[in-house]
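Colleague:
Number of protein chains: 2
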Amino acid sequence: MEHGAPALLTVGVLGGMGPAATVDFLGKIVGATPASCDQDHVPAVVWSRPQIPDRSRAILAGDDGPLAPLLDGLGVLERAGADFIAMPCNSAHHWHARLQGRTRAPILHIADAAAAAVSARALGPVGLLSTRGTIAAGIYQARLSKAAGIILPDEPTQALADAAIAAVKAGRCGRSALEAAAGRMLERGAGSVLLACTELPIAAGRSRFADRCIDPTLALAQACVAMSYGGRLTRTGAGTRA
Amino acid sequence: MEHGAPALLTVGVLGGMGPAATVDFLGKIVGATPASCDQDHVPAVVWSRPQIPDRSRAILAGDDGPLAPLLDGLGVLERAGADFIAMPCNSAHHWHARLQGRTRAPILHIADAAAAAVSARALGPVGLLSTRGTIAAGIYQARLSKAAGIILPDEPTQALADAAIAAVKAGRCGRSALEAAAGRMLERGAGSVLLACTELPIAAGRSRFADRCIDPTLALAQACVAMSYGGRLTRTGAGTRA
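If you read the sequences in order, they're chains Y and E. Note that the first sequence covers residues 1389 to 1630 in our numbering. Note that the second sequence covers residues 1389 to 1630 in our numbering.
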């Protein structure tokens, strides 16, 4: 029984990693939607489970602990009517292929969305700020290499990124650490800085480097709006959209 | 199959009415949580369906159109593991009793949460700004009357509130209309202004009247955090918590 099923496709959000990042992502979907009233907005189901084990630590330890709860969440979202899936957590994309293998619903990839945004900017090499796990898993390197050269963080820069991420997860600001990390990347020749952990755009906020940063969370949100609206025109079953 | 079920109770959010208000509510839950890392945060499942028919119009027309999709959403949230429910939409509480009658999961009532916040402020009569439907349905009047006297809006004030609400739903600011409405309430002797439509706290933002306003969305978010954390200590089955 389904009353008033929307013409727009429903996004399923595997979230809570962290919870503030999920809220930021949902807000960016709302902001990216060409709406004049409630009913124009993208329908969503969200599974926000902050208790999923730390993704970066799991990647570095060669541990697939986060995969089982992510699969649970994927099942919840499918049963709740999600037509396609998005994960506002960069590190969790380490398990993207295995999650995609378990569902017919397309799972948008945050690095594909970000690579499109990087291509559109064309500002020279891009400095990658993320968790250590995202870098170790190579989530961005191959996908970005066609769009731009990549500068990886040195150890002091990574430590600053870690501090900014931890601050946001604990409800603090993180901006000074993020600015210091971004500044080091720009000094090393980055034309722009990719904020490839979903806590980092929150830390960036009104940073003085905001116009030099590229936000994969926003890129993924824009891709979700396009998918939801595009599906309205060409709705032929989720399994046909890859 | 459930991996790593959290010790905290899971809030189910009947949302999308409107979508920006749901994001605001989720952000207030995150902000109200005493967390030092992801895993301390409140687990949530969110059903955001902006296509639910306009609640205020339905109340004024004596039409129960929103009830069927709300019941659909309630079922989705129960199957997704929600231990208790919250609706970040004041007008939708017109159907609170009928929704509560269909689930063992407690549905927190936004006006109960707001009444507690009003009692704590004790600033004299409270000016009620909301949709016309919320006032016609009497969602606040009985619950607030023990906490404070109530000043209802006159027609020009209601028209300003309507304009502020519509602006936020269309992705605009709404602050000037909200400030004008709140100013009229304060001139008429209100000690504080209750922003009893979930779009209104968004419009209030950094308004010059912000310190005179009481935000039921925030009060409901705080009640959800207390419920999620309190349930951790006394978890005995959702049906025993009213």
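For each residue, glycine too, the CB sits at the ideal point set by N, CA and C. Keep in mind that this is a model prediction, so the values were computed, not measured.
(1) Take the Cβ of residue 1437 of chain Y as the centre, count every other Cβ of all protein chains shown within 10 Å, and call the residue buried at 16 or more, exposed below.
(2) Along the region 1547-1575 of chain Y, what residues have a CB closer than 9 Å to any CB found in chain E?
(3) Confirm, please, whether the CB-CB distance from residue 1482 of chain Y to residue 1497 of chain Y is below 9 Å.
(4) Are residue 1564 of chain E and residue 1527 of chain E closer than 9 Å when you measure CB to CB?
(5) Chain E beta carbons: is any one of them nearer than 9 Å to that of residue 1621 of chain Y?
(6) Kindly list the residues whose CB is nearer than 8 Å to the CB of residue 1590 of chain Y, restricted to its own chain and excluding five residues on each side of it in sequence; keep chain order.
(7) Three or more C-beta pairs under 8 Å: does that hold for the region 1489-1506 of chain Y against the region 1539-1559 of chain Y?
(8) Specify the secondary structure class of residue 1597 of chain E as computed by DSSP and reduced to three states.
(9) Leaving out the 5 sequence neighbours to the left and right, which residues in its chain are closer than 6 Å to residue 1569 of chain E when beta-carbon positions are compared?
(10) Could you tell me which chain E residues have their CB closer than 7 Å to the CB of residue 1482 of chain Y, listed as they occur along the chain?
(11) How would you list, in chain order, the residues of chain E whose beta-carbon sits under 9 Å from the beta-carbon of residue 1405 of chain Y?
(12) So, under 8 Å CB-CB, residue 1476 of chain Y and residue 1605 of chain Y are touching, yes? Tell me the CB distance rounded to an integer number of Å.
(13) Does chain E have any CB closer than 9 Å to the CB of residue 1442 of chain Y?
(14) Is there at least one Cβ from chain E nearer than 9 Å to residue 1591 of chain Y's Cβ?
(15) Over the uninterrupted beta strand (DSSP E) stretch that includes residue 1396 of chain Y, give me the two end residues.
(16) Helix, strand or coil for residue 1462 of chain E, going by three-state DSSP, please let me know.
(17) I'd like the list of long-range same chain contacts for residue 1403 of chain E, defined as Cβ closer than 6 Å, with 5 residues on each side in sequence excluded.
(18) Can you tell me which of Y/1486, Y/1515 and Y/1559 puts its alpha carbon nearest to the alpha carbon of residue 1580 of chain Y?
(19) Nearest to residue 1458 of chain Y by CA position, among Y/1446, Y/1487 and Y/1582, is which residue?
(20) For a test of the three-state rule: what should DSSP assign to residue 1580 of chain E, helix, strand or coil?
Modeller: Concretely, from the data shown:
(1) Mapped onto the first sequence, residue 1437 of chain Y falls at position 49. Within 10 angstroms of the beta-carbon of residue 1437 of chain Y lie 16 or more other beta-carbons, which makes it buried.
(2) Taking 9 Å as the cut-off between beta carbons, the residues of the region 1547-1575 of chain Y near chain E are 1554, 1557, 1558 and 1559, in sequence order.
(3) Looking up residue 1497 of chain Y in the first sequence gives position 109. Looking up residue 1482 of chain Y in the first sequence gives position 94. Contact flag unset, no.
(4) For this step, residue 1564 of chain E is matched to residue 176 along the second sequence. For this step, residue 1527 of chain E is matched to residue 139 along the second sequence. No, they are not a contact pair.
(5) Walking along the first sequence from the start, residue 1621 of chain Y turns up at place 233. Bear in mind that the predicted position of residue 1621 of chain Y carries a pLDDT of just 42, short of 50, making it unreliable; the figure below should be weighed with that in mind. Chain E, which has no Cβ nearer than 9 Å to the Cβ of residue 1621 of chain Y, makes this no.
(6) Taking the first residue of the first sequence as position 1, residue 1590 of chain Y is located at position 202. Cβ neighbours of residue 1590 of chain Y beyond the five flanking positions: 1408, 1409, 1412, 1556 and 1562.
(7) Segments in contact, no.
(8) Looking up residue 1597 of chain E in the second sequence gives position 209. Correct three-state label for residue 1597 of chain E: coil.
(9) Sequence index remark: in the second sequence, residue 1569 of chain E carries index 181 (1-based). Once the five neighbours on either side are set aside, the close Cβ partners of residue 1569 of chain E are 1517, 1545, 1548 and 1549.
(10) The sequence position of residue 1482 of chain Y within the first sequence is 94, counting from 1. Ordered by position in chain E, no residue passes the 7 Å Cβ test against residue 1482 of chain Y, which lies about 16 Å from the chain.
(11) The sequence position of residue 1405 of chain Y within the first sequence is 17, counting from 1. Within chain E, 1426 have C-beta atoms less than 9 Å from the C-beta of residue 1405 of chain Y, given in sequence order.
(12) Position 88 of the first sequence, counted from the first residue, corresponds to residue 1476 of chain Y. Position 217 of the first sequence, counted from the first residue, corresponds to residue 1605 of chain Y. Right, their Cβ atoms sit about 6 Å apart.
(13) For this step, residue 1442 of chain Y is matched to residue 54 along the first sequence. Taking 9 Å as the threshold, the shortest C-beta distance from residue 1442 of chain Y to chain E falls below it.
(14) Within the first sequence, numbered from 1, the residue matching residue 1591 of chain Y stands at position 203. No, its Cβ sits nowhere closer than 9 Å to a Cβ of chain E.
(15) Residue numbering aside, residue 1396 of chain Y sits at position 8 when the first sequence is read from its first letter. Boundaries cannot be given for residue 1396 of chain Y, as no beta strand (DSSP E) includes it and DSSP labels it neither H nor E.
(16) Sequence index remark: in the second sequence, residue 1462 of chain E carries index 74 (1-based). In the structure shown, the three-state DSSP call for residue 1462 of chain E is helix.
(17) As a first step, residue 1403 of chain E is located in the second sequence; it is residue number 15 there, counting from the start. Around residue 1403 of chain E: 1410, 1434, 1436 and 1476.
(18) Against the first sequence, residue 1580 of chain Y aligns to sequence position 192. It is Y/1515 whose Cα lies nearest to the Cα of residue 1580 of chain Y.
(19) Within the first sequence, the letter at position 70 stands for residue 1458 of chain Y. Nearest neighbour of residue 1458 of chain Y by Cα position, chosen from Y/1446, Y/1487 and Y/1582, turns out to be Y/1487.
(20) For the purposes of this step, residue 1580 of chain E is identified with residue 192 of the second sequence, where counting begins at 1. In this structure, DSSP gives residue 1580 of chain E an extended state, which the three-state scheme calls strand.
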